[in-house]
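Chains as they are written, first to last, in my numbering: chain Z, 1 to 132; chain L, 1 to 132.
Ideal placement from N, C-alpha and C gives every residue a C-beta, glycine not left out.
No experiment lies behind these values; they were computed from the predicted model shown.
Report on the structure given below.
2 protein chains.
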Amino acid sequence: MYKENNLSKNQQIIFDLINKSSEPLKAYTILFSVQKKGIKAPPQVYRALDKLVETGKIHKIESKNAFVACRNSDCEISKATAFSICESCETVDEISDMKLSKYLSDFNHKKGMKFKRFNLEFFGICKKCKKD
Amino acid sequence: MYKENNLSKNQQIIFDLINKSSEPLKAYTILFSVQKKGIKAPPQVYRALDKLVETGKIHKIESKNAFVACRNSDCEISKATAFSICESCETVDEISDMKLSKYLSDFNHKKGMKFKRFNLEFFGICKKCKKD
DNA sequence: TTAATAATGTTATATTATTACATAGTGTTA
DNA sequence: TAACACTATGTAATAATATAACATTATTAA
Numbered sequence: 001m002y003k004e005n006n007l008s009k010n011q012q013i014i015f016d017l018i019n020k021s022s023e024p025l026k027a028y029t030i031l032f033s034v035q036k037k038g039i040k041a042p043p044q045v046y047r048a049l050d051k052l053v054e055t056g057k058i059h060k061i062e063s064k065n066a067f068v069a070c071r072n073s074d075c076e077i078s079k080a081t082a083f084s085i086c087e088s089c090e091t092v093d094e095i096s097d098m099k100l101s102k103y104l105s106d107f108n109h110k111k112g113m114k115f116k117r118f119n120l121e122f123f124g125i126c127k128k129c130k131k132d
Numbered sequence: 001m002y003k004e005n006n007l008s009k010n011q012q013i014i015f016d017l018i019n020k021s022s023e024p025l026k027a028y029t030i031l032f033s034v035q036k037k038g039i040k041a042p043p044q045v046y047r048a049l050d051k052l053v054e055t056g057k058i059h060k061i062e063s064k065n066a067f068v069a070c071r072n073s074d075c076e077i078s079k080a081t082a083f084s085i086c087e088s089c090e091t092v093d094e095i096s097d098m099k100l101s102k103y104l105s106d107f108n109h110k111k112g113m114k115f116k117r118f119n120l121e122f123f124g125i126c127k128k129c130k131k132d
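What follows is the structure in structure tokens.
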């Protein structure tokens, strides 16, 4: 069952749910939503989430403990992620900006550590909320 | 008691502990460490942490659910934070780089949202771990 | 077809964080 | 100094997030 699209049954169910969602989903929200599909326990959800994060199909928004589908074909296996988060409506958007991505991927700091990966979260008030 | 340095008793105890530490501390690690000083329950710790984060004395490392003292006089009230995290030894360093900070503070993306704040976490293997 | 690997199912438990409510300390100002 | 608003504290209970451990089944590759 794995080969066709390289997602397993549980992974596919959970990916589909996250992918359809317009907002980040939390692990237990996912759990409650997929119980009718036979996924009954936290480890089943967390295992699928771990795998999906690992393969870059989804990202974890660390400041929210929530997950979004990857919308950015450029972020290979989640090496370089950036998000904009509205502090009012909680909307999260993945930022896809080549210049930003390149700037950060090339960044090296004084202590000489070579970075393999980064995650950037911007916070503010989105256009829509500003109007209200 | 507040006025002298504008940290309350619990805030000062918890800040001192984090500030002395060479590594990020987790809330319950802090709780266990300060029980002899009369701080006995999670809300006492979380309240102090919230306040310290709010005032920029400490930062939360979101990917680790842990807290470090601010080493950077430039990051006013935690508006612009960047960290380097070693995936091997788990060492966390606050990055203080004016150019990076300015680049990100000035960043605006297409959708027109104005950012007030950001948090950036870089991951890699530090110099010391590379040698081993 | 066997062995290795990946995925699943299940129970229990660990870790992280908040709610709710009662009490006490501090700063302001009338 | 009395009254007030505000901040901080103490405490019990519980909510939310995440993992450990172990048994079983499915998939792939040799």
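*Count the other CB atoms within 10 Å of the CB of I58/Z; is the residue buried (16 or more) or exposed (fewer)?*
buried
*Quick one: is P43/L buried, meaning 16 or more other Cβ sit within 10 Å of its Cβ, or exposed?*
exposed
*Proximity winner among V92/L, H109/L, K110/L and Y103/L, relative to K128/L (alpha-carbon distances)*: V92/L
*Quick one: give me the first and last residue of the alpha helix (DSSP H) that L104/Z is part of.*
M98 to S105
*asked:* Quick check: what's the CA-CA separation for S96/Z versus R71/L?
replied: 31 angstroms
*Closest to K60/Z by CA distance: which of C126/Z, I13/Z, L100/Z and E23/Z is it?*
E23/Z
*asked:* Using beta carbons (cut-off 7 angstroms, strictly below), is F67/Z in contact with chain L?
replied: no
*Taking the CB atoms as reference points, tell me whether F122/L and A80/L lie closer together than 7 angstroms.*
no
*Please list the partners that E23/Z has in chain L, where partner means a Cβ-to-Cβ separation under 8 angstroms.*
Those within 8 angstroms of E23/Z in chain L number zero; the least Cβ separation is about 16 angstroms.
*Shortest alpha-carbon distance to E87/Z belongs to which of K116/L, T29/L, K26/L and T55/L?*
K116/L
*Can you list the residues of chain L that I95/Z reaches, using a CB-CB cut of under 8 angstroms?*
H109
_So the candidates are D106/L, V68/L and L7/L; which of them puts its Cα closest to the Cα of S21/L?_
V68/L
*The beta strand (DSSP E) spanning N119/L covers which residue range?*
K114 to I125
*Does the distance from the C-beta atom of F107/Z to that of E94/Z stay below 7 angstroms?*
no
*Looking only at its own chain, which residues have a Cβ that is under 7 angstroms from the Cβ of S33/L, when we skip the five neighbours before and after it?*
L17
*Hey, could you find the ends of the alpha helix (DSSP H) V45/Z is sitting in?*
P42 to E54
*Distance, Cα to Cα, N65/Z vs I85/Z?*
13 angstroms
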